[in-house]
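Novice:
Residue numbers (the working numbering): 119 to 510.
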């Protein structure tokens, strides 16, 4: 019979303890997930549906918005119709003539049926086998024409005029996944082809989503050296987007939508690669995520501790106390000494702590320096040490 300690070394136990706070935090929250048509084209639909079904089972409210650009292009190629795109402010937007509109309708209809079928088959041979997931779609988007921009008539290319947020909220409250296509209709019944990024953003704004998540061809946002930038504040993103070139037209559309969403009150926008299996789960349930997250302000905070942090501090130091690395301290001791502690908080979860106990001769003692194992390669320990040095 294995000992309790041996049982606790089983990786699943540590993993479950790590993800449990995220599951608790996300339960009942609304996520709008927009994914490019390339994800379906490259065979990633089944894996995405499995991950979305898992989020739904955990109590998250999901709105899915699919793209269809490669599918539309495939239909146009079959009909030997040349694609045309806007320039300048409308770079990245398709000029939708009547032939392109018919292709967009056909592609969106086929994709919607494929997605609904994937949910309806019950995900055989997966942990979600036998789960019954209701998916609802409808005419949630009222659209208007882009019109003439810089002398170019965009014809049946549209913009979102209004989102039927009440119907979407009602469906989510009734435990349904809402599926939306990149099409909208005018009050007179005219159809418009809309960028899926615009549909996802307008929907996230209308339903006051907690997260807007894009699964795209981009592996997040990189700096001038090609290094991934994992976190962006709104101000940093606005500075970054001003330096993009015409070659970055599609990325600029994506980032402009992220800015709109954040300014309207959406808490977080995530940009994930669509060709990475499990990217959605890795981003949501790990400390650092795998790609770029955008928020209104800095997500990580280095601050002085308060009594609300006692439980989090104990969780950080108890494993080190058990190993004999730190002297054991009870809750009452931490509460008594709480003003001596500094903590690193990431998205409202503590990932590091340290304490400074000053002496009368002007010196001080560093104590209780602890960083969550998941964040030990992130530089949190160094930042805490510098904070303590500054306080000394």
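Heads up, the beta-carbon is just placed ideally off N, CA and C, and yes, glycines get one too.
#1: Which residue from 205, 418, 481 puts its Cα closest to that of residue 406?
#2: Under a Cβ-count criterion, where at least 16 other Cβ atoms within 10 Å of its own Cβ denotes burial, should residue 334 be classed as buried or exposed?
#3: Ordered along the chain, which non-local residues of its own chain (more than five positions away) have a Cβ less than 6 Å from that of residue 122?
#4: DSSP three-state label for residue 506, please.
#5: Look up residue 227 in the DSSP assignment and say whether it is helix, strand or coil.
#6: For residue 357, which three-state DSSP category applies?
#7: From residue 428 to residue 445, what distance separates their C-alpha atoms?
#8: Just how far apart, CA to CA, sit residue 324 and residue 279?
#9: Using a Cβ-based criterion (distance less than 8 Å to any ligand heavy atom), does residue 223 qualify as near the ligand SAM?
#10: Taking only three categories from DSSP, how would you classify residue 134?
#11: Do you know how far the Cα of residue 211 is from the Cα of residue 354?
#12: If I measure Cβ to Cβ from residue 400 and keep anything under 6 Å in the same chain, skipping five residues before and after, which residues do I get?
#13: Using DSSP bridges, identify the partner residues of residue 464.
#14: Using the Cβ count rule (16 or more neighbours within 10 Å means buried), how would you classify residue 266?
#15: Which two residues bound the contiguous alpha helix (DSSP H) that contains residue 321?
#16: Which residue comes first and which comes last in the beta strand (DSSP E) that contains residue 93?
#17: If you draw a straight line from the alpha carbon of residue 154 to that of residue 442, how long is it in whole angstroms?
#18: Are the Cβ atoms of residue 268 and residue 309 separated by less than 9 Å?
#19: Counting beta carbon pairs with one atom in the segment 313-320 and one in the segment 344-362, are three or more of them shorter than 8 Å?
#20: For a quick check, are the C-beta atoms of residue 462 and residue 502 less than 9 Å apart?
#21: For residue 170, which residues in the same chain have their Cβ closer than 8 Å to its Cβ, ignoring the five residues on either side in sequence?
#22: Just to confirm my understanding: we take residue 120, look at its own chain, exclude 5 residues before and 5 after, and list those with CB closer than 7 Å. What are they?
#23: Using the three-state DSSP reduction, which class does residue 285 fall into: helix, strand or coil?
#24: Judging by CA-CA distance, which residue of 168, 131, 177, 328 is the nearest neighbour of residue 142?
#25: Less than 8 Å between C-beta atoms, sequence neighbours within five positions excluded: which residues of the same chain meet that for residue 124?
#26: Whose C-beta lies closer than 6 Å to the C-beta of residue 234 among residues of the same chain, with five residues either side of it excluded?
#27: Report yes if the C-beta distance between residue 217 and residue 196 is below 9 Å; otherwise report no.
#28: Tell me the DSSP secondary structure of residue 336 in three-state form.
#29: Give the range of the alpha helix (DSSP H) segment to which residue 430 is assigned.
#30: Around the C-beta of residue 451, are 16 or more other C-beta atoms found within 10 angstroms, so that it is buried, or is it exposed?
#31: Check the C-beta distance from residue 149 over to residue 327 and give it rounded, since I have them as a contact under 8 Å.
#32: Out of 504, 471, 424, point me to the one whose CA is closest to residue 493's CA.
#33: Measure the CB-CB distance between residue 423 and residue 460 and report whether it falls below 9 Å.
#34: Might you give, ordered along the chain, the residues of its own chain that have their beta carbon closer than 6 Å to the beta carbon of residue 159, omitting 5 neighbours on each side?
Specialist: With the given structure in hand:
#1: It is 418.
#2: Residue 334 comes out buried.
#3: Unreliable placement is indicated for residue 122, whose pLDDT of 49 sits below 50; no coordinate value is reported for it.
#4: Assigned with DSSP and collapsed to three states, residue 506 falls in helix.
#5: Residue 227: helix per DSSP, three-state reduction.
#6: The answer is helix: DSSP assigns residue 357 an H, G or I state.
#7: Cα-Cα distance, rounded: 16 Å.
#8: Distance between the alpha carbons of residue 324 and residue 279: 11 Å.
#9: You won't find the ligand SAM in this model; it holds no ligand whatsoever.
#10: Here DSSP, grouped into helix, strand and coil, assigns residue 134 to helix.
#11: When rounded, the distance between both Cα atoms is 25 Å.
#12: The residues are 408.
#13: Beta-bridge partners of residue 464 (DSSP): 418, 467.
#14: Counting of Cβ neighbours within 10 angstroms places residue 266 among the exposed residues, the total staying below 16.
#15: First-last of the alpha helix (DSSP H) with residue 321: 314-324.
#16: Past the boundaries of the shown model lies residue 93; the chain is included only from 119 to 510, so the question cannot be answered.
#17: Their Cα atoms are separated by approximately 51 Å.
#18: No, these two residues do not count as a Cβ contact at 9 Å.
#19: The segment 344-362 makes no contact with the segment 313-320: fewer than 3 CB pairs, one atom from each, lie closer than 8 Å.
#20: Cβ atoms of residue 462 and residue 502: closer than 9 Å.
#21: Scanning its chain for C-beta atoms nearer than 8 Å, with the 5 sequence neighbours on each side dropped, one finds around residue 170 the residues 151, 180, 182, 295, 398, in chain order.
#22: Annotation note: pLDDT 43 at residue 120 (below 50); position unreliable, coordinate value reported separately. No residues qualify anywhere along the chain.
#23: DSSP places residue 285 in the helix class (H, G or I) of the three-state scheme.
#24: For residue 142, the nearest C-alpha among the options comes from 177.
#25: Note on residue 124: pLDDT 44, under 50, position unreliable in the model; no value is reported.
#26: So the qualifying residues of the chain are 253.
#27: Cβ distance not < 9 Å, so residue 217 and residue 196 don't count as in contact.
#28: Residue 336 sits in coil when the DSSP states are folded into three classes, being neither helix nor strand.
#29: Here the alpha helix (DSSP H) through residue 430 covers 428-440.
#30: Answer is exposed; the Cβ neighbour count stays below 16.
#31: Yes, residue 149 and residue 327 are in contact; Cβ-Cβ is about 6 Å, under 8 Å.
#32: Restricting attention to 504, 471, 424, the CA atom closest to the CA of residue 493 is found in 471.
#33: Yes.
#34: The beta carbon of residue 159 sits closer than 6 Å to the beta carbons of 188 from its chain, once the five residues preceding and following it are set aside; these are given in chain order.
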